[in-house]
């Protein structure tokens, strides 16, 4: 039951609850993740280019999942896109004007989980490229 008065939630200045040290360390964490995203993006593009240049253009990534209707798999050009899109999304989220406003727990999360997500994207790109290269006949066997 309310008495007509506002609870005051959401009326604070968001900058007011962060110390200068929090803002400085948050900016450093943001720059770290941005740099890591750019490095991983370049690596993933390099992996994709390597796969594209070493297998026939009509190579498909093997897929036997639930929605595989004709058994032909996913075109390699489409299989290489998801990791790049996730990296672009992570990079853009770090470019927001308030991205540096984080507490100590937020910074730890950025360093631990952000790094893990970026490395997972690079690893997934590597894994997809390996499957495409194997299916395209790049590896002798």
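Residue numbers (my numbering): 340 to 480. A virtual CB, placed ideally from N, CA and C, is assigned to each residue, including glycine.
Taking residue i as part of the alpha helix (DSSP H), name the residues at either end of that continuous run.
{"i": "residue 430", "result": "420-432"}
{"i": "residue 464", "result": "454-474"}
{"i": "residue 392", "result": "359-393"}
{"i": "residue 412", "result": "Per DSSP, residue 412 belongs to no alpha helix (DSSP H) and is neither H nor E."}
{"i": "residue 435", "result": "Taken as a continuous stretch (DSSP letters only), residue 435 belongs to no alpha helix (DSSP H), as it is neither H nor E."}
If residue i and residue j are in contact, beta carbons under 8 angstroms, what's the gap, nearest whole angstrom?
{"i": "residue 430", "j": "residue 376", "result": "4 angstroms"}
Return the residue from the list the options that minimises the CA-CA distance to residue i.
{"i": "residue 456", "options": "442, 471, 363, 423", "result": "423"}
{"i": "residue 476", "options": "448, 454, 391", "result": "391"}
{"i": "residue 452", "options": "361, 358, 371", "result": "371"}
{"i": "residue 454", "options": "374, 395, 389", "result": "374"}
{"i": "residue 379", "options": "360, 399, 426", "result": "426"}
{"i": "residue 386", "options": "364, 461, 368", "result": "461"}
Classify residue i as buried or exposed, calling it buried when 16 or more other Cβ atoms lie within 10 Å of its own Cβ.
{"i": "residue 381", "result": "exposed"}
{"i": "residue 459", "result": "exposed"}
{"i": "residue 358", "result": "exposed"}
The segment 458-472 touching the segment 435-446, judged by at least three CB pairs closer than 8 angstroms: Short answer: they don't touch.
Stretch pair the segment 415-422 + the segment 440-453: three plus CB contacts closer than 8 angstroms: The segment 415-422 vs the segment 440-453: no contact.
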